[in-house]
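Everything in the sequence shown is counted per numbering that gives the first Met the number 0, starting at 0 for the first residue and increasing by one.
Glycine included, each C-beta is placed from N, C-alpha and C at the ideal position.
Predicted, not measured: the structure shown is a model, and the values here were computed from it.
Only one structure is covered here, and it is reproduced in the block below.
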Amino acid sequence: MARIGIDCRLGGRDHAGIGRYIQQLVRELLEFDQPHELVLFFTSAEQSRQVLGQERPRLGRHRLVIAPIAHYTLSEQIKLPILLSKAQLDLLHVPHFNVPLAYRGRTVVTIHDLLWHHQRGRQVTTLSSGWYWTKYMGYRLVASQSVNRAAAVLVPSQATQRAVNHYYPDQQHIAVIPEGVDQVFFSGHRQPQAAASRQLLYVGSLYPHKNIEAVLQALVKLPGFKLQIVTARDAFLAQSRLRIARLGLERRVSVHHRLSDAQLVNLLDQAQALLQPSLSEGFGLTGLEAMAAGTPVLASDIPVFREVYGRAATYFDPNDYRSLVTAVQQLSADRQVKLARRGRAHARNFRWETMARRTLKVYEDVISRSGD
């Protein structure tokens with residue numbers, strides 16, 4: 000039996016895709032009949048209840064550790080390694096790039112993407128130039144140490160694996176483990192009128208690489224269509240609202256925050272299509288969730304989406320908003336039915352239980368290697 004720690008501080012719905020990944024991984028691992036002790040690090044008892052989905056989690060031999068230490072802070076570099084060392088772990092899984100520099104225990108890290116390695120500069124930040132570059136250099140230092148020191152690196156796609164191989168060629172232990180789709184999305188009941196609803200949906204952050212600008216420009220050329228945006232209150236929300244106003248789209252765009260899964264499924268049920276306009280991604284979970292709900296997906300033609308969505312999506316050129324306009328206009332009722340059928344079948348290939356079992360296998364392989 001080994002003692003395996005998992006850094007859950009970024010778990011829960013406040014942290015978008017990473018939050019769901021941590022939440023589903025931990026929930027599945029706690030259900031497994033396996034011999035290891037799990038030590039779960041949360042920022043607060045409230046966060047642990049949100050992630051585990053239980054008021055009083057039944058942990059058995061597993062245990063929670065409250066670590067009120069914010070990510071990407073000096074405290075993370077100073078206080079967290081002390082707390083981790085006290086836990087006497089055989090292995091620590093950090094599901095992001097932020098392993099504290101001073102921690103010397105054996106680690107597995109998950110790299111969801113390396114977008115900020117090649118997308119950098121004033122156009123991707125709202126910070127002052129000096130503060131941005133200070134944070135960027137800190138990010139590169141922590142990320143490089145996290146990846147190069149790890150006993151294994153988990154990635155959700157071959158696209159992300161190629162990025163890790165490019166920037167960190169010395170890391171030889173990389174496992175591609177796709178993410179899963181929660182069952183709640185398969186419970187959707189797509190409305191018959193959705194095919195003609197002229198409602199488009201975007202779910203995600205508003206950072207520049209998400210390419211919301213292409214969606215807004217396309218909307219100008221799609222009179223009669225409305226756009227629902229589900230996003231966090233991130234640094235680029237104010238900029239996007241200004242852009243919406245300048246394009247005269249205030250009455251055609253609605254912005255939602257902190258929706259429950261049930262509320263998101265309701266929006267998916269009513270949408271004619273989900274738009275995935277990103278210029279770069281590490282996986283594309285939102286599109287799979289839409290497919291599970293039976294909502295057609297229009298995705299940018301980038302390698303990772305081709306890998307993850309296959310023939311279950313319609314693709315457009317993310318660098319030309321007119322390509323998106325054409326994709327929306329060609330989305331006939333028959334085409335929607337075909338995409339919905341393909342999408343649901345395709346989404347069933349992605350299961351959180353499978354992801355967690357494969358992750359547990361990596362833990363055990365690392366622990367086994369350390370004993371050789």
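Taking the alpha-carbon of V154 as reference, which of S331, A1, G283 has the nearest alpha-carbon?
In the sequence shown, counting from the first residue as 1, residue 154 sits at position 155. Nearest option by C-alpha distance: G283.
Can you give the Cα-Cα distance for A142 and K78, rounded to whole angstroms?
Numbered from its first residue, the sequence shown carries residue 142 at position 143. Numbered from its first residue, the sequence shown carries residue 78 at position 79. If you take the alpha carbons of A142 and K78, they lie about 19 Å apart.
Just tell me which of V219, L338, V303, D319 has its CA closest to the CA of L273.
Reading the sequence shown from its first residue, position 274 is the one you call residue 273. If we check each option's Cα against that of L273, L338 comes out closest.
Would you tell me roughly how many angstroms separate the C-alpha atoms of M401 and E178, rounded to the nearest one?
Given that the chain is displayed from residue 0 to residue 371, the structure contains no residue 401 and the question cannot be resolved.
Write down the C-beta distance between E36 and R60 rounded to the nearest angstrom, noting that I regard them as a contact closer than 8 Å.
In the sequence shown, residue 36 corresponds to position 37, counting from 1. In the sequence shown, residue 60 corresponds to position 61, counting from 1. About 5 Å; that satisfies the 8 Å criterion.
Using a Cβ-Cβ cut-off of 6 Å (strictly less than) and excluding sequence neighbours within five positions of S145, which residues of its own chain qualify?
Here residue 145 is taken as the residue at index 146 of the sequence shown, counted from 1. Result list for S145: F96, V98, V108, in chain order.
How about L83 and G104: are their beta carbons less than 9 Å apart?
Working through the sequence shown from its first residue, we reach residue 83 at position 84. Working through the sequence shown from its first residue, we reach residue 104 at position 105. Yes, the Cβ-Cβ distance between L83 and G104 is below 9 Å.
Nearest to A326 by alpha carbon, out of V214, R343, R148?
Reading the sequence shown from its first residue, position 327 is the one you call residue 326. Minimum Cα distance to A326 is reached at V214.
Could you check whether G281 and D375 sit closer than 9 Å to each other, using their CB atoms as the reference points?
No information on residue 375 is available, as it lies outside the stretch 0 to 371 that the chain covers here.
Buried versus exposed, by CB contacts within 10 Å (16 or more), C71:
Translated into positions along the sequence shown, residue 71 becomes position 72. Here the sequence assigns Tyr to residue 71, which means Cys is not the residue at that position. That one is exposed.
Is it a yes or a no for the stretch 304-322 touching the stretch 228-243, going by three-plus beta-carbon pairs under 8 Å?
The stretch 304-322 vs the stretch 228-243: no contact.
Exposed or buried, R347, counting other C-beta atoms within 10 Å across all chains shown (16 or more means buried)?
Along the sequence shown, read from residue 1 onward, the residue named residue 347 stands at position 348. The residue is exposed, with fewer than 16 neighbouring Cβ atoms inside 10 Å.
From Y138, G16, R2, V202, residue whose alpha carbon lies closest to that of L91:
The residue labelled residue 91 in the question sits at position 92 within the sequence shown. Minimum Cα distance to L91 is reached at R2.
Whose C-beta lies closer than 6 Å to the C-beta of V183 among residues of the same chain, with five residues either side of it excluded?
Your numbering for residue 183 matches position 184 in the sequence shown. Closer than 6 Å at Cβ, skipping near neighbours: D260.
Rounded C-beta distance between L226 and Y201? I'm assuming under 8 Å.
If you number the sequence shown from 1, residue 226 lands on position 227. If you number the sequence shown from 1, residue 201 lands on position 202. Right, the Cβ-Cβ distance comes to about 7 Å (below 8 Å), so this counts as a contact.
So for P111, helix, strand or coil by DSSP?
In the sequence shown, the residue the question calls residue 111 occupies position 112. It is worth fixing the name first, because residue 111 is His in this sequence and not Pro. Note: H111 maps to coil in three-state DSSP.
Can you grab the Cα-Cα spacing for the pair N265 / S299, in whole Å?
For the purposes of this step, residue 265 is identified with residue 266 of the sequence shown, where counting begins at 1. For the purposes of this step, residue 299 is identified with residue 300 of the sequence shown, where counting begins at 1. Computed Cα separation, rounded: 24 Å.
Near L88, which residues of its chain fall below 6 Å by C-beta distance, leaving aside the five closest residues on each side in sequence?
Within the sequence shown, residue 88 is the residue found at index 89, counting from 1. Excluding sequence neighbours, L88 sits near R2, G4, G104.
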